[in-house]
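Below you'll find the structure, written out as C-alpha coordinates, and then a few comments.
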Amino acid sequence: MRLAATLLALSSSTVMAAAGELPACDDASVLATLTSRQAWAEAHTWKDGVTIAAVDRIGEARLDVGGFSAIDRRHCAARAGLTAALPTTLYYVVSAEGFAGYGWNVEFCLSGHDPYRVYGADCQVLK
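Using mature numbering (1 follows the signal peptide of the UniProt record, and there is no 0), the letters of the sequence shown map in sequence onto residues -17 to -1, 1 to 110.
Written as C-alpha coordinates, this is what we have:
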(Lines of atoms letter the chains of each structure in order from A and count residues from 1; the text may use other names and numbers.)
(Lines give C-alpha, C1' and ligand atoms only; values in the text may rest on other atoms or scores of the structure.)
Protein backbone atom coordinates (compact mmCIF):
# COMPACT_ATOMS: atom_id res chain seq x y z
CA MET A 1 0.00 0.00 0.00
CA ARG A 2 2.82 2.40 0.86
CA LEU A 3 4.48 1.63 -2.50
CA ALA A 4 1.26 2.47 -4.36
CA ALA A 5 0.94 5.79 -2.52
CA THR A 6 4.58 6.64 -3.26
CA LEU A 7 4.18 5.81 -6.96
CA LEU A 8 1.00 7.88 -7.14
CA ALA A 9 2.70 10.86 -5.52
CA LEU A 10 5.71 10.52 -7.82
CA SER A 11 3.63 10.28 -10.98
CA SER A 12 1.44 13.22 -9.92
CA SER A 13 4.42 15.44 -9.25
CA THR A 14 5.98 14.47 -12.59
CA VAL A 15 2.82 15.34 -14.51
CA MET A 16 2.36 18.56 -12.59
CA ALA A 17 5.93 19.54 -13.34
CA ALA A 18 5.22 18.91 -17.02
CA ALA A 19 2.45 21.55 -17.03
CA GLY A 20 5.12 24.21 -17.39
CA GLU A 21 6.15 22.35 -20.54
CA LEU A 22 2.76 22.81 -22.20
CA PRO A 23 3.05 25.39 -24.96
CA ALA A 24 1.09 28.61 -24.57
CA CYS A 25 -2.13 29.20 -26.49
CA ASP A 26 -0.35 31.56 -28.90
CA ASP A 27 2.67 29.31 -29.46
CA ALA A 28 3.55 29.12 -33.16
CA SER A 29 3.79 25.31 -33.10
CA VAL A 30 0.29 25.02 -31.61
CA LEU A 31 -1.19 27.36 -34.22
CA ALA A 32 0.63 25.55 -37.04
CA THR A 33 -0.68 22.21 -35.80
CA LEU A 34 -4.22 23.58 -35.62
CA THR A 35 -4.23 25.01 -39.12
CA SER A 36 -2.62 21.96 -40.72
CA ARG A 37 -4.99 19.51 -39.00
CA GLN A 38 -8.01 21.60 -39.92
CA ALA A 39 -6.84 21.77 -43.55
CA TRP A 40 -6.39 17.99 -43.57
CA ALA A 41 -9.87 17.47 -42.08
CA GLU A 42 -11.34 19.84 -44.65
CA ALA A 43 -9.73 17.97 -47.53
CA HIS A 44 -10.53 14.48 -46.26
CA THR A 45 -13.83 14.72 -44.36
CA TRP A 46 -15.79 17.97 -44.23
CA LYS A 47 -15.15 19.19 -47.79
CA ASP A 48 -17.07 22.44 -47.26
CA GLY A 49 -14.31 24.70 -48.63
CA VAL A 50 -13.55 26.35 -45.27
CA THR A 51 -10.02 26.49 -43.93
CA ILE A 52 -8.34 28.65 -41.30
CA ALA A 53 -6.64 31.66 -42.93
CA ALA A 54 -5.66 33.55 -39.76
CA VAL A 55 -5.90 33.29 -35.99
CA ASP A 56 -6.03 36.30 -33.67
CA ARG A 57 -7.48 37.45 -30.34
CA ILE A 58 -5.89 34.41 -28.71
CA GLY A 59 -6.51 33.85 -25.01
CA GLU A 60 -6.30 31.21 -22.34
CA ALA A 61 -9.66 30.31 -20.82
CA ARG A 62 -8.27 28.10 -18.05
CA LEU A 63 -5.45 25.78 -17.07
CA ASP A 64 -6.30 22.39 -15.55
CA VAL A 65 -3.33 21.09 -13.59
CA GLY A 66 -3.28 18.41 -10.92
CA GLY A 67 -7.04 17.98 -10.75
CA PHE A 68 -9.03 14.79 -11.08
CA SER A 69 -7.25 13.94 -14.31
CA ALA A 70 -3.56 13.13 -14.46
CA ILE A 71 -3.43 14.93 -17.81
CA ASP A 72 -2.70 18.64 -17.70
CA ARG A 73 -4.76 20.78 -20.10
CA ARG A 74 -4.64 24.37 -21.30
CA HIS A 75 -8.03 25.56 -22.64
CA CYS A 76 -7.79 28.30 -25.25
CA ALA A 77 -10.07 30.39 -27.43
CA ALA A 78 -9.34 32.62 -30.41
CA ARG A 79 -10.94 34.20 -33.43
CA ALA A 80 -10.36 32.30 -36.65
CA GLY A 81 -10.48 34.07 -39.97
CA LEU A 82 -11.78 31.56 -42.49
CA THR A 83 -11.25 31.30 -46.25
CA ALA A 84 -14.86 30.80 -47.34
CA ALA A 85 -16.93 31.91 -44.37
CA LEU A 86 -17.22 34.64 -41.77
CA PRO A 87 -14.75 34.64 -38.87
CA THR A 88 -15.75 32.38 -35.99
CA THR A 89 -14.55 31.33 -32.57
CA LEU A 90 -11.89 28.64 -32.43
CA TYR A 91 -11.80 26.58 -29.23
CA TYR A 92 -8.83 24.35 -28.55
CA VAL A 93 -7.18 22.40 -25.79
CA VAL A 94 -3.46 21.79 -25.52
CA SER A 95 -2.95 18.67 -23.40
CA ALA A 96 0.01 16.73 -22.09
CA GLU A 97 0.43 13.29 -23.54
CA GLY A 98 2.95 10.50 -23.68
CA PHE A 99 4.87 8.94 -20.83
CA ALA A 100 4.51 11.00 -17.65
CA GLY A 101 2.89 13.81 -19.59
CA TYR A 102 5.88 14.70 -21.76
CA GLY A 103 4.91 15.96 -25.18
CA TRP A 104 1.62 17.56 -26.10
CA ASN A 105 -1.43 17.24 -28.30
CA VAL A 106 -4.05 19.74 -29.46
CA GLU A 107 -7.76 19.22 -30.08
CA PHE A 108 -9.82 21.96 -31.70
CA CYS A 109 -13.29 22.94 -32.79
CA LEU A 110 -14.50 25.79 -35.00
CA SER A 111 -17.80 27.14 -33.73
CA GLY A 112 -20.48 26.45 -36.33
CA HIS A 113 -18.17 24.14 -38.30
CA ASP A 114 -18.41 20.84 -36.39
CA PRO A 115 -20.96 19.02 -38.56
CA TYR A 116 -20.65 15.76 -36.64
CA ARG A 117 -20.84 17.51 -33.24
CA VAL A 118 -17.72 15.69 -32.11
CA TYR A 119 -17.29 18.24 -29.33
CA GLY A 120 -20.99 18.71 -28.56
CA ALA A 121 -23.24 21.60 -29.48
CA ASP A 122 -21.15 24.69 -30.27
CA CYS A 123 -17.87 23.03 -29.18
CA GLN A 124 -19.06 22.77 -25.56
CA VAL A 125 -16.57 20.02 -24.61
CA LEU A 126 -13.54 22.18 -25.34
CA LYS A 127 -14.76 25.40 -23.72
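Beta carbons are placed, not taken as given, at the ideal position from N, Cα and C, and that holds for glycine.
{"Query": "Inter-stretch contact at 8 Å, needing at least 3 Cβ pairs: the region 62 to 71 / the region 44 to 51", "Result": "no"}
{"Query": "Pair within 8 Å by beta-carbon distance, G86 and C59", "Result": "no"}
{"Query": "Rounded C-alpha distance that separates A44 from Y75", "Result": "10 Å"}
{"Query": "Where V48 sits in the DSSP three-state scheme", "Result": "coil"}
{"Query": "Selected residue, minimal CA-CA separation from G95, among L17, R56, K110 and D105", "Result": "D105"}
{"Query": "Counterpart residues of T16 in DSSP-defined beta bridges", "Result": "DSSP, once it has assigned bridges, lists no residue as partnering T16."}
{"Query": "Nearest-angstrom Cα separation, counted from F91 out to Y102", "Result": "9 Å"}
{"Query": "Own chain partners of P6 with C-beta closer than 7 Å, once the 5 adjacent residues on each side are dropped", "Result": "S12, V13, V77 and W87"}
{"Query": "Reduced DSSP secondary structure (H/G/I, E/B, other) of D105", "Result": "helix"}
{"Query": "Beta-carbon spacing of E25, V33 below 8 Å", "Result": "yes"}
{"Query": "Neighbourhood of R40 by C-beta, 7 Å cutoff - its chain only, sequence neighbours within 5 removed", "Result": "A61 and R62"}
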